[in-house]
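What follows is a single structure, written as structure tokens, with notes after it.
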Amino acid sequence: MSENSRPKGAPRFPEGPAPDPSGGRFERRIRSFTPRRSRVTTAQGDALRRLWPKWGFDIDGQRVLDLAELFGTEAPVVLEIGFGMGEATAQMAAADPGTCILAVDVHTPGQGNLLNLADRAGLTNVRVANGDAVILLREMLAPQSLDGARVYFPDPWPKARHHKRRLIQPDFLTLLAPRLKPGAVLHCATDWEPYAEHMLEVLTAHPDFENTQEDGGYAPRPDFRPLTRFEGQGLRKGHVVHDLLFRRTATPSGVQDTAPTQA
Ligand SMILES: C[S@@+](CC[C@H](N)C(=O)[O-])C[C@H]1O[C@@H](n2cnc3c(N)ncnc32)[C@H](O)[C@@H]1O
Numbered sequence: 119m120s121e122n123s124r125p126k127g128a129p130r131f132p133e134g135p136a137p138d139p140s141g142g143r144f145e146r147r148i149r150s151f152t153p154r155r156s157r158v159t160t161a162q163g164d165a166l167r168r169l170w171p172k173w174g175f176d177i178d179g180q181r182v183l184d185l186a187e188l189f190g191t192e193a194p195v196v197l198e199i200g201f202g203m204g205e206a207t208a209q210m211a212a213a214d215p216g217t218c219i220l221a222v223d224v225h226t227p228g229q230g231n232l233l234n235l236a237d238r239a240g241l242t243n244v245r246v247a248n249g250d251a252v253i254l255l256r257e258m259l260a261p262q263s264l265d266g267a268r269v270y271f272p273d274p275w276p277k278a279r280h281h282k283r284r285l286i287q288p289d290f291l292t293l294l295a296p297r298l299k300p301g302a303v304l305h306c307a308t309d310w311e312p313y314a315e316h317m318l319e320v321l322t323a324h325p326d327f328e329n330t331q332e333d334g335g336y337a338p339r340p341d342f343r344p345l346t347r348f349e350g351q352g353l354r355k356g357h358v359v360h361d362l363l364f365r366r367t368a369t370p371s372g373v374q375d376t377a378p379t380q381a
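This is the structure in structure tokens:
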């Protein structure tokens, strides 16, 4: 069905990602993303129709995921929040087939693009989650289920009145920490200098994370992180990119390592 012939209100992809996967089940929050209705190309739409039932799922907040079942292996799982168009995700999955990537975004064309890239490269270690990563973490991921987390070029929300929408905040770190195994690394990267400073400040101050860098500063860019689409845009504008690699400490403070609450 073409976009023009689709009846008003009918889902774009009946068996694909839902437009509002967690519906009104969770309280309204300040969100780190703005829903975008961008054009889905033919290849992306085809990938969503063919592969979503196999490799995609909605973040509906209604169950705790069994990651070994989701990936069909006990291999380590790294969460990537905000994969955008997924090129870097697909490259990292291809370069490290022994690690599974749980890739989360709300952006439908990007979800289709990543599925298409994974299919073309014969990757079996990527799953695509549709919706808000905060609900995924809070409601659907068990304690100590993740071997790492990646947040590459999160929306910088440059205006002061929007700073509260930035993903990397103390509350977010407190939510993430118990889902990471002790020693698991959170890897963030940004080309927005004030956001990099903010990340360094909140990560350094958080009791559940410790800097992998002895000098307490930014990390050299690890070889395994490919150039991302947003990074390329930032570099073309002359921005400087910072990587931050923080390890989860042995015992997270505050929040207990308990199972998520079901709605
Ligand atoms: C600036 S883009 C960066 C994309 C990609 N990492 C790159 O470097 O090219 C940030 C992405 O994060 C996604 N995002 C922001 N907050 C999110 C959240 N809470 N849950 C899922 N995705 C989120 C946005 O939809 C967007 O695609």
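Per our numbering, the very first residue in the sequence shown carries number 119; after that it's consecutive. Glycine included, C-beta positions come from ideal geometry on N, C-alpha and C. Note that the structure is predicted; figures quoted are calculated from it, not measured.
- Residue state for T191 is assigned as coil, using DSSP reduced to three classes.
- In this chain, the alpha helix (DSSP H) harbouring V320 covers E311 to A323.
- Judged by DSSP in its simplified three-state form, D176 adopts strand.
- Excluding residues up to 5 positions away in sequence, W310 and Y313 lie with their Cβ nearer than 6 Å to the Cβ of P274 in the same chain.
- In terms of Cβ geometry, W173 and L233 form a close pair [threshold 8 Å].
- Closest by C-alpha distance to A251, out of A323, G204 and I177, is I177.
- With a cut-off of 7 Å, the C-beta of V358 is classified as distant from ligand 1, since no heavy atom of the ligand falls inside that distance.
- Taken in chain order, the whole beta strand (DSSP E) runs of length 3 or more contained in the region 249-304 are 264-270.
- Spanning the alpha carbons of L185 and L318 requires a straight line of approximately 30 Å.
- Cα atoms of F131 and E332: separation of roughly 49 Å, rounded to the nearest angstrom.
- F271 is positioned such that its CB atom lies no closer than 8 Å to that of T367.
- Inclusion of Q162 and G230 in the CB contact set at 8 Å is warranted, their separation being smaller than that value.
- Remark: the C-beta of R284 is outside contact range of ligand 1, defined as less than 7 Å to any heavy atom.
- Inclusion of S150 in the 7 Å shell around ligand 1 follows from its C-beta lying nearer than that to a non-hydrogen atom of the ligand.
- Setting aside the 5 residues that flank it on each side, A193 is surrounded in the same chain by G216, T217, C218 and N243, each with a C-beta closer than 8 Å to its C-beta; the list follows chain order.
- Spanning the alpha carbons of P344 and G202 requires a straight line of approximately 14 Å.
- The three-state secondary structure of F201, taken from DSSP, is coil.
- For F151, the closest C-alpha among the options L362, L285, K355 and H305 is that of L285.
- At a threshold of 7 Å, H281 does not count as near ligand 1, since its beta carbon sits no closer than that to any of the ligand's heavy atoms.
- Under the criterion of beta carbons closer than 8 Å, V222 and L183 do not qualify as touching, at roughly 12 Å.
- The beta carbon of G335 is closer than 8 Å to those of L318 and N329 in its chain, skipping five residues each way along the sequence.
- Distance from the CA of A337 to the CA of V303, rounded to the nearest whole angstrom, comes to 12 Å.
- In this structure, V252 has its CB closer than 7 Å to one or more heavy atoms of ligand 1.
- In the structure shown, A236 falls within a helical segment according to DSSP collapsed to helix, strand and coil.
- Using a Cβ distance threshold of 8 Å, H225 and R268 do not count as a contacting pair.
- The alpha carbon of P135 has as its nearest neighbour, out of F144, V158, S263 and H281, the alpha carbon of V158.
- Residue nearest to T191 within the set R245, L294, L291 and P300 is R245 (criterion: CA-CA distance).
- Non-local beta-carbon contacts of S156 in its own chain, meaning distances under 6 Å to residues more than five positions away in sequence, involve P227 in chain order.
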